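Trainee: The sequence shown: position 66 = 468 (the numbering used here), numbered continuously.
Pasting in a structure now, in structure tokens, and then I'll have a few things to ask.
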Amino acid sequence: MERNDAVMPSVAIVVAAIMWIILLFMFNTQTAPEPVAADPALSATIQKEWPKIGPALYTSNCSGCHGAQGQGGVGPKLAGDPHIQNDPALVPTRILHGKGAMPAFEGRLKENEIYAIANFVENSWGNKAKELVTPATLAAGVGKVSPDVLRVRSRFVPEEIILPEIFLVTFVVLLLTYGLIGLYSYWTEGTELRPGIHKSRSSPLSMTAMVATLAGVVLFSVLFVREILRSIADMAATPPVAPQVTQEGFYAAMVVLLLALAVGLYKKFFMDDEVLVEDASGEFPW
Numbered sequence: 403m404e405r406n407d408a409v410m411p412s413v414a415i416v417v418a419a420i421m422w423i424i425l426l427f428m429f430n431t432q433t434a435p436e437p438v439a440a441d442p443a444l445s446a447t448i449q450k451e452w453p454k455i456g457p458a459l460y461t462s463n464c465s466g467c468h469g470a471q472g473q474g475g476v477g478p479k480l481a482g483d484p485h486i487q488n489d490p491a492l493v494p495t496r497i498l499h500g501k502g503a504m505p506a507f508e509g510r511l512k513e514n515e516i517y518a519i520a521n522f523v524e525n526s527w528g529n530k531a532k533e534l535v536t537p538a539t540l541a542a543g544v545g546k547v548s549p550d551v552l553r554v555r556s557r558f559v560p561e562e563i564i565l566p567e568i569f570l571v572t573f574v575v576l577l578l579t580y581g582l583i584g585l586y587s588y589w590t591e592g593t594e595l596r597p598g599i600h601k602s603r604s605s606p607l608s609m610t611a612m613v614a615t616l617a618g619v620v621l622f623s624v625l626f627v628r629e630i631l632r633s634i635a636d637m638a639a640t641p642p643v644a645p646q647v648t649q650e651g652f653y654a655a656m657v658v659l660l661l662a663l664a665v666g667l668y669k670k671f672f673m674d675d676e677v678l679v680e681d682a683s684g685e686f687p688w
């Protein structure tokens, strides 16, 4: 009874790798932060006028939710908020784009008015900014994730992922699964099935490979758990620190791959098995 060779599984893995590279480029393009232009003239204007117009603009646009003294209400408390002091780009970003029930003021307020409110908030009620908030502040913060976003967003699935990307990832995973199972079957059973009972064919080399594989599983499991605990501690720190998702994913992937390799080694070199083939009548002898 002839079996398919390893060509099609290999092709599936190559196609999956190509599609994965395309997906990475697509995702990087969609999530690339937009550049922020830092106008020196606007920065000079902000420095002069924010103490004059900032309080009035805050009163008319923000105090209804955040309180006249930043004490909070419908909106969160702003007075003495350490997040505001640790992340100078947080307030202007919230005013520009909003969040949750808070509306976005981009287009409703002029750019200098947005920065006037931001500087007023960051220098009132116990808040003291280290420097003036200007477009240069946002430009420096592009690509950084604010601390409060780090607390609530998923650590493994980015918020920006969209449906076509989910379909593409699923298809890549299916191709990889088919390819790996096909190559595994080819490696353990060969191109031709031989009926009968097969005795294990372990050797010192296969025993060494099994021990090294299991040791790798233990090592990467310990590293994965340690990284998760470190990430939890970093998320609770002030300010929170972004988790090392790439490192966590690498450790987890190594655990899964090494476990799969251990199963393959066990099946090929340590486990007795039996191959049944179809008889002349077209029935399987169960």
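All C-beta atoms in this analysis are idealised placements derived from N, C-alpha and C, irrespective of residue type, glycine included.
On a predicted model such as this, the values are computed, not experimentally measured, just so you know.
(1) Would you report the Cα separation of Phe672 and Val575, rounded to the nearest angstrom?
(2) Of all the options Arg496, Asn488 and Gln487, which has the alpha carbon lying nearest to the alpha carbon of Gly477?
(3) Could you please give me the residues that DSSP links to Leu511 through a beta bridge?
(4) Per the contact definition of three or more C-beta pairs closer than 8 Å, is the stretch 505 to 523 in contact with the stretch 418 to 426?
(5) Find out if the Cβ-Cβ distance for the pair Thr615, Leu660 is shorter than 7 Å.
(6) Find out if the Cβ-Cβ distance for the pair Met612, Leu663 is shorter than 7 Å.
(7) Mind reading off the beta-carbon distance from Leu585 to Ser445? Whole number of angstroms is fine, and I expect it under 8 Å.
(8) Going by alpha carbons, who is nearest to Val523 out of Lys501, Glu513, Arg510 and Lys479?
(9) In terms of residue numbering, what span does the alpha helix (DSSP H) encompassing Gly456 cover?
(10) How big is the Cα-Cα spacing for His468 and Lys454?
(11) What is the DSSP secondary structure of Lys669, reduced to helix, strand or coil?
(12) Cα separation between Val417 and Leu577?
(13) Do you know how far the Cα of Leu621 is from the Cα of Glu629?
(14) Take the Cβ of Val493 as the centre, count every other Cβ of all protein chains shown within 10 Å, and call the residue buried at 16 or more, exposed below.
(15) Report, in whole angstroms, the separation of the C-beta atoms of Asn529 and Gly482, which I expect to be a contact under 8 Å.
(16) Relative to the C-alpha of Lys669, which residue among Thr590, Gln649 and Leu631 is closest?
(17) Just the C-alpha distance for Gly472 and Ser465, rounded to the nearest angstrom, thanks.
(18) According to DSSP, is Ile420 helix, strand or coil?
(19) Using DSSP's beta-bridge definition, name the partner residues of Lys501.
(20) Any idea what DSSP makes of Gln646, helix, strand or coil?
(21) Leaving out five residues before and five after Leu498 in sequence, what residues of the same chain have Cβ atoms less than 7 Å from its Cβ?
(22) Sorted by chain position, which residues of the same chain lie with C-beta nearer than 7 Å to Phe626's C-beta, five sequence neighbours on each side aside?
Mentor: Looking at the atomic coordinates:
(1) The count along the sequence shown starts at 1 and reaches residue 672 at position 270. The count along the sequence shown starts at 1 and reaches residue 575 at position 173. If you take the alpha carbons of Phe672 and Val575, they lie about 29 Å apart.
(2) On the sequence shown, residue 477 is found 75 positions in, with the first residue counted as 1. For the residues Arg496, Asn488 and Gln487, the minimum Cα distance to Gly477 belongs to Arg496.
(3) Residue numbering aside, residue 511 sits at position 109 when the sequence shown is read from its first letter. Paired residue(s): Glu508.
(4) At 8 Å Cβ cutoff, the stretches do not touch.
(5) By 1-based counting over the sequence shown, the position of residue 615 is 213. By 1-based counting over the sequence shown, the position of residue 660 is 258. Taking 7 Å as the Cβ cut-off, Thr615 and Leu660 qualify as a contacting pair.
(6) The residue given as residue 612 occupies position 210 in the sequence shown. The residue given as residue 663 occupies position 261 in the sequence shown. No, the pair does not count as a contact, with Cβ atoms beyond the cut-off.
(7) Against the sequence shown, residue 585 aligns to sequence position 183. Against the sequence shown, residue 445 aligns to sequence position 43. Their Cβ separation, rounded to whole angstroms, is 59 Å, which puts Leu585 and Ser445 out of contact at 8 Å.
(8) Position 121 of the sequence shown, counting from 1, holds the residue named residue 523. Among Lys501, Glu513, Arg510 and Lys479, the Cα nearest to that of Val523 is on Lys479.
(9) As a working note, residue 456 is residue 54 in the sequence shown. Counting along the chain, the alpha helix (DSSP H) containing Gly456 begins and ends at Pro442 to Asn463.
(10) Here residue 468 refers to the residue found at position 66 of the sequence shown. Here residue 454 refers to the residue found at position 52 of the sequence shown. So the two alpha carbons sit approximately 20 Å from each other.
(11) Counting from one through the sequence shown, the residue named residue 669 turns up at place 267. DSSP places Lys669 in helix when its eight states are reduced to three.
(12) The residue you call residue 417 lines up with position 15 of the sequence shown. The residue you call residue 577 lines up with position 175 of the sequence shown. Their backbone Cα atoms lie some 8 Å apart in a straight line.
(13) In the sequence shown, counting from the first residue as 1, residue 629 sits at position 227. In the sequence shown, counting from the first residue as 1, residue 621 sits at position 219. Each residue's Cα considered, the two are about 12 Å apart.
(14) Taking the first residue of the sequence shown as position 1, residue 493 is located at position 91. Val493 should be labelled buried.
(15) The residue you call residue 529 lines up with position 127 of the sequence shown. The residue you call residue 482 lines up with position 80 of the sequence shown. Between Asn529 and Gly482 the beta-carbon gap is near 7 Å, inside 8 Å, which marks them as a contact.
(16) Position 267 of the sequence shown, counted from the start, is the residue given in the question as residue 669. Nearest option by C-alpha distance: Thr590.
(17) Position 70 of the sequence shown, counted from the first residue, corresponds to residue 472. Position 63 of the sequence shown, counted from the first residue, corresponds to residue 465. Linking Gly472 to Ser465 through their CA atoms gives a straight-line distance of about 7 Å.
(18) The residue given as residue 420 occupies position 18 in the sequence shown. Here Ile420 sits in helix by DSSP.
(19) Position 99 of the sequence shown, counting from 1, holds the residue named residue 501. Lys501 is bridged to Met504.
(20) By one-based count along the sequence shown, residue 646 stands at place 244. If DSSP states are grouped into helix, strand and coil, Gln646 belongs with coil.
(21) Within the sequence shown, the letter at position 96 stands for residue 498. Excluding its 5 nearest sequence neighbours in each direction, Leu498 has C-beta neighbours in its own chain below 7 Å: Ala506, Phe507, Glu508 and Ile516, listed in chain order.
(22) Translated into positions along the sequence shown, residue 626 becomes position 224. These residues qualify, in order along the chain: Glu650, Tyr653, Ala654 and Val657.
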